[in-house]
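Numbering-wise, the sequence shown is residues 3 to 228 according to my numbering.
Positions of the beta carbon are idealized from the N, C-alpha and C atoms, including for glycine.
For reference, the structure is listed below as structure tokens.
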Amino acid sequence: MIRRSEEMSKPTVHATAPLASCSDLPRVQTTEIVDDLADRGFTIRRGLFDEDYLRALTAEARDAWPDGEFGQAGISRGVDLGTEIRAGHVLCLDPAAPTALQRRYLDFIGDIRHQLARELFLPLHGFEARFAIYPAGACYARHLDQFQQQPHRLVSCLLYLNEDWQGHDGGELCIFEPPDEDGEENEILVLPEFGTFVAFLSDRIEHEVRPTHRERLSLAGWLRRE
Ligand code: OGA
Ligand code: MN
Numbered sequence: 003m004i005r006r007s008e009e010m011s012k013p014t015v016h017a018t019a020p021l022a023s024c025s026d027l028p029r030v031q032t033t034e035i036v037d038d039l040a041d042r043g044f045t046i047r048r049g050l051f052d053e054d055y056l057r058a059l060t061a062e063a064r065d066a067w068p069d070g071e072f073g074q075a076g077i078s079r080g081v082d083l084g085t086e087i088r089a090g091h092v093l094c095l096d097p098a099a100p101t102a103l104q105r106r107y108l109d110f111i112g113d114i115r116h117q118l119a120r121e122l123f124l125p126l127h128g129f130e131a132r133f134a135i136y137p138a139g140a141c142y143a144r145h146l147d148q149f150q151q152q153p154h155r156l157v158s159c160l161l162y163l164n165e166d167w168q169g170h171d172g173g174e175l176c177i178f179e180p181p182d183e184d185g186e187e188n189e190i191l192v193l194p195e196f197g198t199f200v201a202f203l204s205d206r207i208e209h210e211v212r213p214t215h216r217e218r219l220s221l222a223g224w225l226r227r228e
């Protein structure tokens, strides 16, 4: 699915976080993640992080949210994709000063990045990340994360931070698997359940967020090319 090298282009939009190595996750997990990305273009993982960690990260994000903005409905992400996008507010991680909890997640991403560089020669440089709130009623129309205004995004990473998410809460991430030889396109639905981690190739995997019926919190990030 991935070519063994990629040509790069265009300027940076966001500041990028330096990536460290060594997380406390078993190496085998990042190997499997990278194998999935190479074979299918995406990976879906549960149980990577313990619940205490996820709870602390969630609480920290909620506390850091600017007063009065959290949970308030908002429109658009400042980028016109030619279709209506309704999303909530975002809170960018400060790449220069991640908290200890954020650092642990960035270390995990750093391990994936090293594995991707080693196995697939992806020239990844930094990681831009932000918490995103979708208020009830919000959705995000089908799109690619790498497009003209965002040519540096190579791998999209999502961590969902919603405790006790139920099927009827909606808000599924729908991954459109690229068509097979028969031209069949598979849709894979992922509930934004507490601790579910999803990564996919930003230039290949179209996806959308189905309408959520409950406030929905995620940590979205992109590994960027040099
Ligand atoms: C995005 C995105 C998906 C999600 O931020 O580009 O597609 O499940 N998010 O939050
Ligand atoms: Mn996206």
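Taking just the CA atoms, how far does residue 54 sit from residue 147? By 1-based counting over the sequence shown, the position of residue 147 is 145. By 1-based counting over the sequence shown, the position of residue 54 is 52. So the alpha carbons of these two residues sit roughly 30 Å apart.
Just the Cα atoms here: how many angstroms apart are residue 110 and residue 186? Taking the sequence shown and counting its residues from 1, the one referred to as residue 110 is at position 108. Taking the sequence shown and counting its residues from 1, the one referred to as residue 186 is at position 184. Going from the Cα of residue 110 to the Cα of residue 186 covers about 34 Å.
How would you write the range of the beta strand (DSSP E) that residue 1 sits in, first residue to last? The first residue shown for the chain is 3 and the last is 228, placing residue 1 beyond what the model contains.
Nearest to residue 182 by CA position, among 34, 37, 41, is which residue? Here the question's residue 182 lines up with position 180 in the sequence shown. Of the candidates 34, 37, 41, the one whose C-alpha sits nearest the C-alpha of residue 182 is 41.
Report yes if the C-beta of residue 205 is less than 6 Å from at least one heavy atom of the ligand MN; otherwise report no. What you label residue 205 is simply residue 203 of the sequence shown in a count that begins at 1. Checking every heavy atom of the ligand MN against the Cβ of residue 205, none is found closer than 6 Å.
Among 175, 132, 35, which residue has its Cα nearest to the Cα of residue 122? Against the sequence shown, residue 122 aligns to sequence position 120. Of the candidates 175, 132, 35, the one whose C-alpha sits nearest the C-alpha of residue 122 is 35.
Burial state of residue 188, where buried means 16 or more other Cβ atoms lie within 10 Å: Taking the sequence shown and counting its residues from 1, one reaches residue 188 at position 186. Flag for residue 188 reads exposed.
Nearest to residue 125 by alpha carbon, out of 112, 131, 133? Locating residue 125 in the sequence shown gives position 123, counting from the first residue. Nearest of 112, 131, 133 to residue 125, Cα basis: 112.
Residue of 208, 162, 133, 108 minimising C-alpha distance to residue 200: The residue labelled residue 200 in the question sits at position 198 within the sequence shown. The residue with the shortest Cα to Cα distance from residue 200 is 162.
Which one or two residues does DSSP pair with residue 177 in a beta bridge? Here residue 177 corresponds to residue number 175 of the sequence shown, with the count starting at 1. DSSP lists 190, 209 as partners of residue 177.
Over what stretch of residues does the alpha helix (DSSP H) that includes residue 115 continue unbroken? Residue mapping note: residue 115 aligns to position 113 of the sequence shown, counting from 1. Element bounds for residue 115: 102–122.
Quick one, which of 58, 45, 202, 210 has its alpha-carbon nearest residue 102's? In the sequence shown, counting from the first residue as 1, residue 102 sits at position 100. For the residues 58, 45, 202, 210, the minimum Cα distance to residue 102 belongs to 58.
Just the C-alpha distance for residue 97 and residue 107, rounded to the nearest angstrom, thanks. On the sequence shown, residue 97 is found 95 positions in, with the first residue counted as 1. On the sequence shown, residue 107 is found 105 positions in, with the first residue counted as 1. Distance between the alpha carbons of residue 97 and residue 107 is about 12 Å.
Going by DSSP in three states, residue 145 sits in which element: helix, strand or coil? Within the sequence shown, numbered from 1, the residue matching residue 145 stands at position 143. Here residue 145 sits in strand by DSSP.
Cβ-heavy atom distance between residue 160 and the ligand OGA below 6 Å? Against the sequence shown, residue 160 aligns to sequence position 158. For the ligand OGA, at least one heavy atom lies less than 6 Å from the Cβ of residue 160.
Residue 214 by DSSP, collapsed to three states: which one? Counting from one through the sequence shown, the residue named residue 214 turns up at place 212. DSSP places residue 214 in strand when its eight states are reduced to three.
Cβ-heavy atom distance between residue 157 and the ligand OGA below 6 Å? Here residue 157 is taken as the residue at index 155 of the sequence shown, counted from 1. False, no ligand heavy atom lies under 6 Å from that Cβ.
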